[in-house]
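The block underneath contains the structure these notes are about, expressed in C-alpha cells.
Residue numbers (this note's numbering), protein chains in the order written: chain A, 1 to 295; chain B, 296 to 730.
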C-alpha cells in the first residue's frame, strides 16, 4: 500500500497545468471498498431523477385512457376489498370511520409497497442495457423505481381527499404526522426491494417468488380489515410484518382518533424494517460490482 | 516526469464459463436422471456459497485480460487494437468501472466518460428531445450542460424537424445520428470509446471522425477501440495491441497497426509446437501439430483465386484411439471476424482414429471470399457440442485474389471489400417487366 501512496503523491505533484485542480484519483482493484460511495450517489442525483422521470413518462404511453388507470386501479381494488371484507365477511371498521376510507388508508401504502417490490426487484434486469454499458452507482436504479411509485402514491392521496370529502370525514391534527409514515413506508419498501433486486440478478427465481410474496402479503397485512380484529395472542407475531406498522401508522394519521396504534407491535414492525433495510443495503453494496457480469 | 492519467498494473479479468460435459451429449434415461441430480446438487452448492449459477457440466476460467500494463499521459489519443476476443471491450469495461478487475490495479485521474455503445439508455417511446436529456444524463452530463449545448446537439444530428417524434419512429440512421450527436458533445477529461464508428452511413462517419479529431486536439485524453485501422492511424498517436488478453505491443501507432496485420504469418504451412498466438483447450486426447494450405493439385499455396479450390490439411496427434471426434477449420477476415467454421460433423465425417499421428484434409471446392487477406485456424472436439480439446484461433494468413474465375468478367470485386461484406454468392438477375 505504501508504495502506491508514494506514487499517488508523485502523480499529483507533477507540473502539468491541470494538476492543481483537485482531480479525483480513482483506483480500481479487486473488491476494493468505494471510499466516496455516498458522495458519488449524490453526484449522480440528476441521473436518478431523470430515470424516475423516464419511468413516469413512459408509464401510460400508448394506453387509451392514460392517467385514468392511476385512479381506476385503486378504486376497483377498494371496491373489491370493501365488498369482501365488510359486506360479506362483516368485519368492523376502526371506530366511526367509514369502512371504504379505512381500507383506502391502508391501500395507499400497500399498493406502494407491492408495486415497488415488484418493479424494483426487476429493475436491474430490465435496465441491463444500462448496467452493462455505463457506470453509475447501481443503487440509483431500484431507488428511481421507488420514486416513480411514490408519484403514484401522490395521485392516491388526491383520491383520498376526494373520498374524505365524499364521506364528509374531517381529518384531525394526526394528519400532520403522515409524512413521517410515508417515510416509514419508503424505508419498509426499500429494504426488501434492494434485497430482492440484488438476488434477482444472480438467481432469476426471485422473479417468481415476488408475485407470491405480494399476494400472500395482502392477506397477512391489515389492508382489507382493521388490525383491531387480530387476536391479542397473535399480535406480536403479526407485527413481524413491517407493513403492519406502516398501515397502522397511516390509519392513525388519516382516521384520527378512530384508529389506535398498538405500540409494542408498532415498534417491532419498525425494528424489522430497520433490519431489512440494513440487510438490503449491505447485500446490494456487496454484490453491485458483479451486476454487469451477471445481468 | 510526464503527467500520467491512466495507469494499469498487472490488470486481469477472469470470467468463469461453463461447458456441456462430455457425457451430457447423449445417454440413457438413467444417465439423464443422474446428470439432472448432479446438476441440481451443483446448483444448490452454488447458491449456498453465493456463487452465480453456471450452466454446463465442466467449468473453465477464462482470462479475458491478463497481466495488462500500460500508462497513458494527459492529452494522448491511444488506440486499442486487436482481433475479436482479444479483450479490448473488456478492458474498456474495466476502465469505465462497469465491471471490477479480478487482479491488478488501475488508477485514473480525472472525470471519465465511456461510450461503449451509441444510444445507451434511449427509450423508444420518448421523443428525440427527451432522449437527448436522458442519454446525456446516462453519459454523465448535467442537465445544465445539456441545455447549454442542446442546439449544437440538434444541429449536429440534423434532426430538428423530428425532435418531438418518438425515437421508435426514427430510421436506424436517424437514431444513430441523434445518439452520436449527444455523445460527441460530452466533455470529460478522459473519454473511452468502443467501436462506435462502425455504425451509421459513410458521410456521418466522416463527420464523427472529424468531431473525434477535434476532441483529441483540445487536449483531452481518448482511448479508442476500433477495427478501423484507418481511423486509428488518423486519430491516435500511440496504440496498445492486445492478443488473447495480453498486451503484446504498446507504442507508436503505425508500428502497432503493422504488427496487428502481421500477427499471423502469411505461409502455406505452420508447425504449431511453438505457436505463440491465441490457443486454448486442454489437449487431453489430441494436439494439432500442423496446418497447411494446398491447392487442388496438392501444391502448397498462400495465394488463391476467387472460385479456386482450397485444401486445408490438418496434422493431429492422438493420445488414444478415438471415435466420434469432430474437427473444424476456421476462416476469418483480416479483422478477425469468423466467416466460415467448416465442421466435419456437418458433412457427416466421423472417422475412427488410431492412437498416433493422423492427417486429414478438408476440401473447399470453391472459395468465394472477396479479394483480401484472410486467416485460417483449426479446432478439435471429442464429440459434438463439447469444449474444444485444442483450438487455434488463427494460424496462417492467406491471400485471395480475383483471377476472373467466377462472376462476370467485368466484375470488380476489389471495391466491395471496403463495404464490409466478405463472401460472394453468385445470383441470377432478370427483367420481369412492369406490372
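Each residue gets a CB set at the ideal place from its N, CA and C atoms; glycine is no exception.
Short Cβ contact (8 Å threshold) for residue i with residue j
{"i": "residue 597 of chain B", "j": "residue 661 of chain B", "result": "no"}
{"i": "residue 141 of chain A", "j": "residue 421 of chain B", "result": "no"}
{"i": "residue 191 of chain A", "j": "residue 279 of chain A", "result": "yes"}
{"i": "residue 365 of chain B", "j": "residue 548 of chain B", "result": "no"}
{"i": "residue 476 of chain B", "j": "residue 505 of chain B", "result": "no"}
{"i": "residue 335 of chain A", "j": "residue 164 of chain A", "result": "Here chain A covers residues 1 to 295 and nothing more, so residue 335 of chain A does not appear."}
{"i": "residue 520 of chain B", "j": "residue 488 of chain B", "result": "yes"}
{"i": "residue 518 of chain B", "j": "residue 375 of chain B", "result": "yes"}
{"i": "residue 576 of chain B", "j": "residue 685 of chain B", "result": "yes"}
{"i": "residue 128 of chain A", "j": "residue 295 of chain A", "result": "yes"}
{"i": "residue 616 of chain B", "j": "residue 650 of chain B", "result": "yes"}
{"i": "residue 48 of chain A", "j": "residue 185 of chain A", "result": "no"}
{"i": "residue 607 of chain B", "j": "residue 654 of chain B", "result": "no"}
{"i": "residue 666 of chain B", "j": "residue 697 of chain B", "result": "yes"}
{"i": "residue 265 of chain A", "j": "residue 239 of chain A", "result": "yes"}
{"i": "residue 407 of chain B", "j": "residue 299 of chain B", "result": "no"}
{"i": "residue 573 of chain B", "j": "residue 683 of chain B", "result": "no"}
{"i": "residue 307 of chain B", "j": "residue 398 of chain B", "result": "yes"}
{"i": "residue 644 of chain B", "j": "residue 619 of chain B", "result": "no"}
Contacts that residue i makes with chain B (C-beta to C-beta distance below 7 Å)
{"i": "residue 29 of chain A", "result": "396 and 400"}
{"i": "residue 347 of chain A", "result": "Outside the displayed span of chain A (1 to 295) sits residue 347 of chain A, for which this structure offers no information."}
{"i": "residue 46 of chain A", "result": "432, 437 and 438"}
{"i": "residue 50 of chain A", "result": "428, 429 and 432"}
{"i": "residue 304 of chain A", "result": "Outside the displayed range of chain A (1 to 295) lies residue 304 of chain A, so it cannot be described from this structure."}
Per-residue contacts from residue i into chain A (C-beta, under 9 Å)
{"i": "residue 418 of chain B", "result": "54, 57 and 58"}
{"i": "residue 409 of chain B", "result": "133, 134 and 135"}
Where residue i sits in the DSSP three-state scheme
{"i": "residue 304 of chain B", "result": "strand"}
{"i": "residue 271 of chain A", "result": "helix"}
{"i": "residue 465 of chain B", "result": "coil"}
{"i": "residue 643 of chain B", "result": "coil"}
{"i": "residue 338 of chain B", "result": "helix"}
{"i": "residue 693 of chain B", "result": "strand"}
{"i": "residue 391 of chain B", "result": "coil"}
{"i": "residue 312 of chain B", "result": "strand"}
{"i": "residue 86 of chain A", "result": "helix"}
{"i": "residue 288 of chain A", "result": "helix"}
{"i": "residue 615 of chain B", "result": "coil"}
{"i": "residue 610 of chain B", "result": "strand"}
{"i": "residue 318 of chain B", "result": "Here the model assigns residue 318 of chain B a pLDDT of 48, short of 50, so the residue's position is not dependable and the matter cannot be decided."}
{"i": "residue 238 of chain A", "result": "helix"}
{"i": "residue 702 of chain B", "result": "coil"}
{"i": "residue 230 of chain A", "result": "coil"}
{"i": "residue 438 of chain B", "result": "helix"}
{"i": "residue 369 of chain B", "result": "coil"}
{"i": "residue 403 of chain B", "result": "strand"}
{"i": "residue 416 of chain B", "result": "coil"}
Chain-ordered neighbours of residue i on chain A, where CB pairs are closer than 7 Å
{"i": "residue 415 of chain B", "result": "129, 130, 133 and 134"}
{"i": "residue 733 of chain B", "result": "No information on residue 733 of chain B is available, as it lies outside the stretch 296 to 730 that chain B covers here."}
{"i": "residue 347 of chain B", "result": "202 and 294"}
{"i": "residue 743 of chain B", "result": "No statement about residue 743 of chain B is possible, as the shown extent of chain B runs from 296 to 730 and does not include it."}
Proximal chain B residues relative to residue i, where beta-carbon distance stays under 8 Å
{"i": "residue 208 of chain A", "result": "The contacting residues do not exist; residue 208 of chain A stays about 15 Å from chain B at best."}
{"i": "residue 144 of chain A", "result": "Simply none; closest approach about 11 Å."}
{"i": "residue 292 of chain A", "result": "388, 393 and 394"}
Chain A contact residues for residue i, given Cβ-Cβ distances below 8 Å
{"i": "residue 342 of chain B", "result": "203"}
{"i": "residue 650 of chain B", "result": "Within chain A, no residue comes near residue 650 of chain B; the closest Cβ sits about 41 Å away, beyond 8 Å."}
Distance between beta carbons of residue j and residue i, contact taken as under 8 Å
{"i": "residue 360 of chain B", "j": "residue 389 of chain B", "result": "7 Å"}
{"i": "residue 599 of chain B", "j": "residue 718 of chain B", "result": "Not a contact, Cβ separation roughly 14 Å."}
{"i": "residue 221 of chain A", "j": "residue 254 of chain A", "result": "Not confirmed; about 16 Å, so no contact."}
{"i": "residue 54 of chain A", "j": "residue 418 of chain B", "result": "6 Å"}
{"i": "residue 671 of chain B", "j": "residue 693 of chain B", "result": "6 Å"}
{"i": "residue 570 of chain B", "j": "residue 690 of chain B", "result": "7 Å"}
{"i": "residue 273 of chain A", "j": "residue 187 of chain A", "result": "6 Å"}
{"i": "residue 587 of chain B", "j": "residue 564 of chain B", "result": "4 Å"}
Cross-chain neighbours of residue i in chain B, by beta carbon under 9 Å
{"i": "residue 35 of chain A", "result": "The contacting residues do not exist; residue 35 of chain A stays about 13 Å from chain B at best."}
query = Taking only runs of the alpha helix (DSSP H) that begin and end inside the stretch 495-563 of chain B, which ones reach a length of at least 4 residues, in chain order?
reply = Under the rule that a run must span 4 or more residues, the alpha helix (DSSP H) segments found entirely inside the stretch 495-563 of chain B read 497-512, 524-530 and 548-557.
task = Taking only runs that begin and end inside the stretch 576-602 of chain B, name each unbroken alpha helix (DSSP H) of 4 or more residues, in chain order.
result = The stretch 576-602 of chain B contains no whole alpha helix (DSSP H) run of 4 or more residues.
inquiry  = Quick check on the DSSP output: what are the complete alpha helix (DSSP H) runs of length 4 or more inside the stretch 16-67 of chain A, in order along the chain?
reply    = For the stretch 16-67 of chain A, whole alpha helix (DSSP H) runs of length 4 or above, ordered along the chain, are 37-43 and 45-59.
query = Listed in chain order, which residues of the stretch 280-291 of chain A have Cβ atoms closer than 8 Å to some Cβ of chain D?
reply = Within the model displayed, chain D is absent; protein chains A and B are what it includes.
message = My parser needs the alpha helix (DSSP H) runs of 4 or more residues fully inside the stretch 70-132 of chain A; what are they?
response = Counting only runs of 4+ residues, the alpha helix (DSSP H) found wholly inside the stretch 70-132 of chain A occupies 99-126 and 128-131, in chain order.
key: Uninterrupted alpha helix (DSSP H) stretches inside the stretch 148-223 of chain A (no shorter than 4 residues)   = With a minimum length of 4 residues, the continuous alpha helix (DSSP H) runs that stay inside the stretch 148-223 of chain A are 178-202 and 206-220.
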